[in-house]
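Engineer: In UniProt numbering, the protein residues as written are 1 to 414. Heads up, the beta-carbon is just placed ideally off N, CA and C, and yes, glycines get one too.
Laid out in structure tokens, this is it:
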């Protein structure tokens, strides 16, 4: 019975498009091969500029994230890290020279440079003594991936479980790190933990145990793949502490708030309740993966509209504003209003300029009234509190307004 359930679960993932086709896999592999060739040629260019024999330098591309773990979907990004020669410097050779090389490639689109991007911080590999601190941080994703692969007893079961968890998180509105929910690394570590605890379970059994374990997890105790239990109280800022499997141990970065943490716990409990009835003959996997019904759950929404003169400028503007969303969520909570930030984006076809619109469900904790005008003023101060933000804000726009559930686009969840 358990194996039949596992087969039906894998078939469900396939039917839902959560597993890439062989053709899609080949496309990804081709992209990575091409990227490696590009950075190798780039390294030779840097060598010539620095008057170093080209034969003495090289570069490559390392992948990490869901792709390297074997749990990516057809639309998943490929997280990649460029490892270049020590003679290269980030400001000139990477953000100028390599960027220009990529920009000139006809197959490259949506190129965006974020020079102050931060990665999850972890300890430096001792054998890479010539790396600067920013490069050490960039390597953390690759190192965490390697550790997870080593600590998981069965790769195939882990991959199926992680695909299930990721699809569940996306459908239930829980898979967006910037909005205070899970990042891919959080889900990967949680999946690995379940696989460690039940090495002989089927994928179906592992998915059930995922909900049973984490719906009842005492969150003052971090989830640690090395089995080290260290108290981490909420005063430490870790509502859902998950330890990266590197040494020394550090918590995964998180934007989680009281409101988003509450929704995650509610959804874990919902999954637990549903999977308890897994043995019933009329059970359907679709119940667990049902899209979250935003429009029937909340009465009022915060509408966030972004627009810019061109699609390329909108891409840059939206990326910058989204990186500031954690501040907006906390600002709402400071004003006594929790929100459920939906990552789905719409287009307002009544607006001529390229635009993106978000709708966040609002959960007032009291009789507090939200003033979107003052909220926008406060948020914009934070958005433009940076040279990059001030430049992008010159021709781009941001508006905040309140809308009722009946005013949502018809494509929203019901």
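According to DSSP, what are the bridge partners of residue 340?
Structural biologist: As a working note, residue 340 is residue 340 in the chain shown. In the DSSP output, where bridge partners are listed per residue, residue 340 has 361.
Engineer: Less than 9 Å separating the beta-carbons of residue 245 and residue 226?
Structural biologist: As a working mapping, residue 245 is identified with position 245 in the chain shown. As a working mapping, residue 226 is identified with position 226 in the chain shown. Taking 9 Å as the Cβ cut-off, residue 245 and residue 226 qualify as a contacting pair.
Engineer: State the start and end residues of the unbroken beta strand (DSSP E) segment that holds residue 64.
Structural biologist: Counted from its first residue, the chain shown places residue 64 at position 64. 60-64 is the extent of the beta strand (DSSP E) around residue 64.
Engineer: Quick one: is residue 64 buried, meaning 16 or more other Cβ sit within 10 Å of its Cβ, or exposed?
Structural biologist: The residue labelled residue 64 in the question sits at position 64 within the chain shown. The residue is buried, with at least 16 neighbouring Cβ atoms inside 10 Å.
Engineer: Kindly indicate which three-state DSSP category residue 79 falls into: helix, strand or coil?
Structural biologist: Start at 1 with the first residue of the chain shown, and residue 79 comes out as number 79. Looking at residue 79 - three-state DSSP - the assignment turns out to be strand.
Engineer: Say whether the region 265-275 touches the region 298-315, bearing in mind that this needs 3 or more beta-carbon pairs closer than 8 Å, one atom from each stretch.
Structural biologist: Verdict: no, contact absent.
Engineer: Could you tell me if residue 180 is buried or exposed, where buried requires 16 or more neighbouring beta carbons within 10 angstroms of its beta carbon?
Structural biologist: Translated into positions along the chain shown, residue 180 becomes position 180. Buried, since its Cβ has 16 or more Cβ neighbours within 10 Å.
Engineer: Quick check: the Cα distance between residue 165 and residue 100, rounded to an integer number of angstroms?
Structural biologist: One-based indexing of the chain shown puts residue 165 at position 165. One-based indexing of the chain shown puts residue 100 at position 100. Computed Cα separation, rounded: 38 Å.
Engineer: From residue 488 to residue 107, what distance separates their C-alpha atoms?
Structural biologist: Nothing about residue 488 can be reported from this structure: the residues present for the chain run from 1 to 414 only.
Engineer: Taking contact to mean 3 or more Cβ pairs, one atom from each stretch, closer than 8 Å, check whether the region 72-90 and the region 189-202 are in contact.
Structural biologist: Cβ pair count under 8 Å is below three, so no.
Engineer: Going by other Cβ atoms of all chains shown within 10 Å of its Cβ, with 16 needed for buried, is residue 111 buried or exposed?
Structural biologist: Numbered from its first residue, the chain shown carries residue 111 at position 111. Under this definition residue 111 is an exposed residue.
Engineer: State the Cα-Cα distance for the pair residue 282 and residue 357, rounded to the nearest angstrom.
Structural biologist: If you number the chain shown from 1, residue 282 lands on position 282. If you number the chain shown from 1, residue 357 lands on position 357. Going from the Cα of residue 282 to the Cα of residue 357 covers about 39 Å.
Engineer: Please classify residue 200: is it buried, with 16 or more other beta-carbons within 10 angstroms of its beta-carbon, or exposed?
Structural biologist: Position 200 of the chain shown, counting from 1, holds the residue named residue 200. Exposed: under 16 other Cβ atoms inside 10 Å.
Engineer: Compute the distance between the beta-carbons of residue 384 and residue 365, then report whether it is under 9 Å.
Structural biologist: Here residue 384 refers to the residue found at position 384 when the chain shown is read from its first residue. Here residue 365 refers to the residue found at position 365 when the chain shown is read from its first residue. For residue 384 and residue 365, no; Cβs fall outside 9 Å.
Engineer: Please report the straight-line C-alpha distance between residue 7 and residue 258, rounded to a whole angstrom.
Structural biologist: Here residue 7 corresponds to residue number 7 of the chain shown, with the count starting at 1. Here residue 258 corresponds to residue number 258 of the chain shown, with the count starting at 1. So the two alpha carbons sit approximately 37 Å from each other.
Engineer: In the structure shown, what three-state DSSP assignment does residue 402 receive?
Structural biologist: Taking the chain shown and counting its residues from 1, one reaches residue 402 at position 402. Three-state result, residue 402: strand.
Engineer: Taking all protein chains shown into account, do 16 or more other C-beta atoms lie within 10 angstroms of the C-beta of residue 4, making it buried, or fewer, making it exposed?
Structural biologist: Translated into the one-based positions of the chain shown, residue 4 becomes position 4. When all chains shown are included, residue 4 counts as exposed.
Engineer: Pull up the distance between the alpha-carbon of residue 42 and that of residue 345, whole angstroms please.
Structural biologist: Locating residue 42 in the chain shown gives position 42, counting from the first residue. Locating residue 345 in the chain shown gives position 345, counting from the first residue. One C-alpha to the other measures close to 36 Å.
Engineer: Going by CA-CA distance only, name the one from 347, 260, 208, 304 that's closest to residue 272.
Structural biologist: The residue given as residue 272 occupies position 272 in the chain shown. For residue 272, the nearest C-alpha among the options comes from 208.
Engineer: Can you tell me which of 104, 69, 46, 109 puts its alpha carbon nearest to the alpha carbon of residue 91?
Structural biologist: Working through the chain shown from its first residue, we reach residue 91 at position 91. Among 104, 69, 46, 109, the Cα nearest to that of residue 91 is on 46.
Engineer: With the cut-off set at 9 Å, would you say residue 177 and residue 286 are in Cβ contact?
Structural biologist: Within the chain shown, the letter at position 177 stands for residue 177. Within the chain shown, the letter at position 286 stands for residue 286. In this structure, residue 286 does not lie closer than 9 Å to residue 177 by Cβ.
Engineer: Should residue 406 go down as buried or exposed, given a rule of 16 or more other Cβ atoms within 10 Å for buried?
Structural biologist: On the chain shown, residue 406 is found 406 positions in, with the first residue counted as 1. By the 10 Å Cβ count, residue 406 comes out exposed.
Engineer: Got a sec? Which residues, its chain only, sit under 7 Å from residue 309 by beta carbon, not counting five neighbours each side?
Structural biologist: Looking up residue 309 in the chain shown gives position 309. If we look at residue 309 and ignore the five residues flanking it on each side, its Cβ neighbours are 353, 395.
Engineer: Under a three-way DSSP split, which group does residue 112 fall into?
Structural biologist: What you label residue 112 is simply residue 112 of the chain shown in a count that begins at 1. Residue state, collapsed to three classes: coil.
Engineer: Would residue 206 and residue 289 qualify as a contact pair, given that the criterion is a beta-carbon distance under 9 Å?
Structural biologist: In the chain shown, residue 206 corresponds to position 206, counting from 1. In the chain shown, residue 289 corresponds to position 289, counting from 1. Contact: no.
Engineer: Identify the continuous alpha helix (DSSP H) that holds residue 195 and give its terminal residues.
Structural biologist: Position 195 of the chain shown, counted from the first residue, corresponds to residue 195. Counting along the chain, the alpha helix (DSSP H) containing residue 195 begins and ends at 184-197.
Engineer: Can residue 403 and residue 359 be called in contact, C-beta distance under 9 Å?
Structural biologist: Reading the chain shown from its first residue, position 403 is the one you call residue 403. Reading the chain shown from its first residue, position 359 is the one you call residue 359. A contact, by the Cβ cut-off of 9 Å.
Engineer: Whose C-alpha, out of 16, 182, 213, 85, is nearest the C-alpha of residue 40?
Structural biologist: As a working note, residue 40 is residue 40 in the chain shown. The shortest Cα separation from residue 40 among 16, 182, 213, 85 belongs to 85.
Engineer: Taking the alpha-carbon of residue 145 as reference, which of 82, 174, 105, 70 has the nearest alpha-carbon?
Structural biologist: Position 145 of the chain shown, counted from the start, is the residue given in the question as residue 145. Selected option, being the one with the closest Cα: 70.
Engineer: Determine, using beta carbons only, whether residue 218 and residue 251 come nearer to each other than 9 Å.
Structural biologist: Taking the first residue of the chain shown as position 1, residue 218 is located at position 218. Taking the first residue of the chain shown as position 1, residue 251 is located at position 251. For residue 218 and residue 251, no; Cβs fall outside 9 Å.
Engineer: Counting only runs that start and end within the region 298-341, where is the alpha helix (DSSP H) found for 4 or more residues in a row?
Structural biologist: Those alpha helix (DSSP H) runs which fall completely within the region 298-341 and span 4+ residues are 311-322, 325-334.
Engineer: I believe residue 60 touches residue 36 by the beta-carbon criterion, under 8 Å. Please report the beta-carbon distance rounded to the nearest angstrom.
Structural biologist: One-based indexing of the chain shown puts residue 60 at position 60. One-based indexing of the chain shown puts residue 36 at position 36. Rounded, the Cβ-Cβ distance is 6 Å, consistent with contact.
Engineer: What is the DSSP secondary structure of residue 243, counted as helix, strand or coil?
Structural biologist: Here residue 243 refers to the residue found at position 243 when the chain shown is read from its first residue. DSSP places residue 243 in strand when its eight states are reduced to three.
Engineer: Going by the beta-carbon positions, is the gap between residue 260 and residue 340 smaller than 9 Å?
Structural biologist: Here residue 260 refers to the residue found at position 260 of the chain shown. Here residue 340 refers to the residue found at position 340 of the chain shown. Against a cut-off of 9 Å, the Cβ pair of residue 340 and residue 260 comes out as a contact.
Engineer: How is the alpha helix (DSSP H) around residue 204 delimited, first residue to last?
Structural biologist: Position 204 of the chain shown, counted from the first residue, corresponds to residue 204. Looking at the DSSP string, the run of the alpha helix (DSSP H) that includes residue 204 is 203-215.
Engineer: Using only CA atoms, which one of 304, 53, 172, 62 lies nearest to residue 373?
Structural biologist: Residue mapping note: residue 373 aligns to position 373 of the chain shown, counting from 1. Taking only the C-alpha atoms, the option nearest residue 373 is 304.
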